[in-house]
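A.B. asks: Here it is, the structure, as structure tokens.
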Amino acid sequence: MKIFYDKSNFNKCLLLKNSIDIDKIDINIELHLKKDKIYIINKNYKNPVKVMVDFDEKDFTEKMNMRLKDNKDIFRKVFSGKNLDILDGTAGFGRDGTLLNAMGHNVTMVENSPIVSLLLNNGLKRSDNNIRLFHGNVYDFLKHSKERYDYIYLDFMFNKLKINSLSSKYDETLKLIAFIDGNKKEIVEIAKKCCKNKVVVKEPSNSISSLPKPNHIIKTKLISYNVYLSNDA
Ligand SMILES: C[S@@+](CC[C@H](N)C(=O)[O-])C[C@H]1O[C@@H](n2cnc3c(N)ncnc32)[C@H](O)[C@@H]1O
10 MKIFYDKSNF NKCLLLKNSI DIDKIDINIE LHLKKDKIYI INKNYKNPVK VMVDFDEKDF
70 TEKMNMRLKD NKDIFRKVFS GKNLDILDGT AGFGRDGTLL NAMGHNVTMV ENSPIVSLLL
130 NNGLKRSDNN IRLFHGNVYD FLKHSKERYD YIYLDFMFNK LKINSLSSKY DETLKLIAFI
190 DGNKKEIVEI AKKCCKNKVV VKEPSNSISS LPKPNHIIKT KLISYNVYLS NDA
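Take the position in the sequence shown, starting the count at 1, then add 9; the result is the number in the working numbering.
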């Protein structure tokens, strides 16, 4: 990965270089830190694409407004209740967490990849969300946090890499800079101890999962939401 930065972002860039080995990340990824904007140019496409966490982007707001208007939206079924405290333990680019926040829930996010955290933090700062973001591994976060959440949401999921598809440039790019966790089972177990109500793990419907057996599953055509009851329930 190559990094381009201006004077005002020198410290951020230094911090990032101290926390990751940038040579291990795809050479076709460029990270740009320019004034108050942090974004990626992904050159794996014939026409390189810009990826920035921007909650005001037209496509994003249109999709979100559509889901907010839909009373049968899957999130309303999965996260039933009002004004819930939800921990999004695998925040990514914050799309699911922002939707839950817009549905009226109080959302806290955790993200372990330094680059994803940097991009997400930048997007949150430019938005009017009241979402808290912590950088780190959700397992350690839960081990040390005394807060209890109604729901803990985990989305470790990645779909197949489709380099030709411009529509999913966010997922394609996220996959190249994300943290891949091999500790899912332990995270689900600690989450069950640390939540008041339920742990929800998003998975592809056809996944041959190594996850513990859920109490129940809420399915759409492509996605399964594995639901685990809290150890206190
Ligand atoms: C599939 S993405 C989540 C996408 C997200 N739901 C969204 O709406 O944009 C998974 C994210 O979880 C992060 N992650 C994976 N394991 C983690 C862990 N143990 N703790 C915190 N973050 C983790 C990855 O770095 C990646 O950004």
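Beta carbons are placed, not taken as given, at the ideal position from N, Cα and C, and that holds for glycine.
Owing to the predicted nature of the structure, the values given are computational and were not obtained by experimental measurement.
Taking three-plus beta-carbon pairs below 8 Å as touching, is the stretch 149-160 in contact with the stretch 133-141?
C.D. replies: With a cut-off of 8 Å, the stretch 133-141 and the stretch 149-160 do not count as touching, because too few Cβ pairs lie within range.
A.B. asks: Report the residue ranges of all alpha helix (DSSP H) runs contained in full by the stretch 88-143; include only those spanning at least 4 residues, in chain order.
C.D. replies: The qualifying runs are 104-111, 123-134.
A.B. asks: Give me the Cβ distance between K11 and E39, rounded to the nearest whole Å; I'm assuming they're in contact under 8 Å.
C.D. replies: The residue you call residue 11 lines up with position 2 of the sequence shown. The residue you call residue 39 lines up with position 30 of the sequence shown. At roughly 5 Å, the Cβ-Cβ gap stays under 8 Å, so K11 and E39 are in contact.
A.B. asks: Can you list, in chain order, the stretches of the beta strand (DSSP E) that have 3 or more residues and sit fully within the stretch 20-78?
C.D. replies: Runs found: 38-43, 46-51, 58-60.
A.B. asks: In or out: F13 buried (at least 16 other Cβ within 10 Å) or exposed?
C.D. replies: The count along the sequence shown starts at 1 and reaches residue 13 at position 4. Answer is exposed; the Cβ neighbour count stays below 16.
A.B. asks: By the three-class DSSP mapping on this structure, what secondary structure does D149 have?
C.D. replies: Mapped onto the sequence shown, residue 149 falls at position 140. Note: D149 maps to helix in three-state DSSP.
A.B. asks: How would you label D6, buried or exposed, when you count the other beta carbons within 10 angstroms and need 16 or more for buried?
C.D. replies: No statement about residue 6 is possible, as the shown extent of the chain runs from 10 to 242 and does not include it.
A.B. asks: Which residue marks the beginning of the alpha helix (DSSP H) containing L183, and which one marks its end?
C.D. replies: Here residue 183 refers to the residue found at position 174 when the sequence shown is read from its first residue. Note, L183: alpha helix (DSSP H), 178-186.
A.B. asks: Go through its chain and collect everything with a Cβ distance to L96's Cβ below 6 Å, but skip five positions before and after it.
C.D. replies: Along the sequence shown, one-based indexing puts residue 96 at 87. The answer, listed in chain order, is T117, Y158, I161.
A.B. asks: Please indicate yes or no: does the CB of N164 lie closer than 7 Å to some heavy atom of ligand 1?
C.D. replies: Locating residue 164 in the sequence shown gives position 155, where the first residue counts as 1. A quick correction: the sequence has Asp, not Asn, at residue 164. D164 Cβ: within cutoff of ligand 1.
A.B. asks: On a CA-only basis, which of I232, E120, D79, Y237 is nearest I140? Give me that one, please.
C.D. replies: In the sequence shown, counting from the first residue as 1, residue 140 sits at position 131. Closest option to I140, Cα to Cα, is E120.
A.B. asks: So, do the stretch 71-87 and the stretch 208-228 have three or more beta carbon pairs nearer to each other than 8 Å?
C.D. replies: Judged by Cβ distances under 8 Å, the stretch 71-87 makes contact with the stretch 208-228, as three or more pairs qualify.
A.B. asks: If contact is defined by three or more beta carbon pairs under 8 Å, each pair taking one atom from either stretch, is the stretch 197-204 in contact with the stretch 142-153?
C.D. replies: With a cut-off of 8 Å, the stretch 197-204 and the stretch 142-153 count as touching, because enough Cβ pairs lie within range.
A.B. asks: Would F102 be called buried (16 or more neighbouring beta carbons within 10 Å of its own) or exposed?
C.D. replies: By 1-based counting over the sequence shown, the position of residue 102 is 93. That one is buried.
A.B. asks: When you measure from the CB of F102 to every non-hydrogen atom of ligand 1, does any distance come out below 7 Å?
C.D. replies: The residue labelled residue 102 in the question sits at position 93 within the sequence shown. Indeed, a heavy atom of ligand 1 lies less than 7 Å from the Cβ.
A.B. asks: Tell me whether N192 sits in a helix, a strand or coil according to DSSP, three-state version.
C.D. replies: Taking the sequence shown and counting its residues from 1, the one referred to as residue 192 is at position 183. Coil at N192, not helix or strand.
A.B. asks: K211 and I186 - do their beta-carbons sit closer together than 8 Å?
C.D. replies: As a first step, residue 186 is located in the sequence shown; it is residue number 177 there, counting from the start. As a first step, residue 211 is located in the sequence shown; it is residue number 202 there, counting from the start. Their beta carbons are not under 8 Å apart, which means I186 does not touch K211 by this criterion.
A.B. asks: Between the Cα of K46 and those of I189, K59, F69, M75, spot the shortest distance and give me the residue it belongs to.
C.D. replies: In the sequence shown, residue 46 corresponds to position 37, counting from 1. K46 has its Cα closest to that of K59, out of I189, K59, F69, M75.
A.B. asks: Helix, strand or coil: which one does DSSP assign to N235?
C.D. replies: Sequence index remark: in the sequence shown, residue 235 carries index 226 (1-based). Correct three-state label for N235: strand.
A.B. asks: Output the distance between the C-alpha atoms of K44 and L129, rounded to the nearest integer angstrom.
C.D. replies: One-based indexing of the sequence shown puts residue 44 at position 35. One-based indexing of the sequence shown puts residue 129 at position 120. Cα to Cα, K44 sits roughly 16 Å from L129.
A.B. asks: Taking the straight line between their C-alpha atoms, what separation do you get for N18 and N37?
C.D. replies: Looking up residue 18 in the sequence shown gives position 9. Looking up residue 37 in the sequence shown gives position 28. Each residue's alpha carbon lies about 21 Å from the other.
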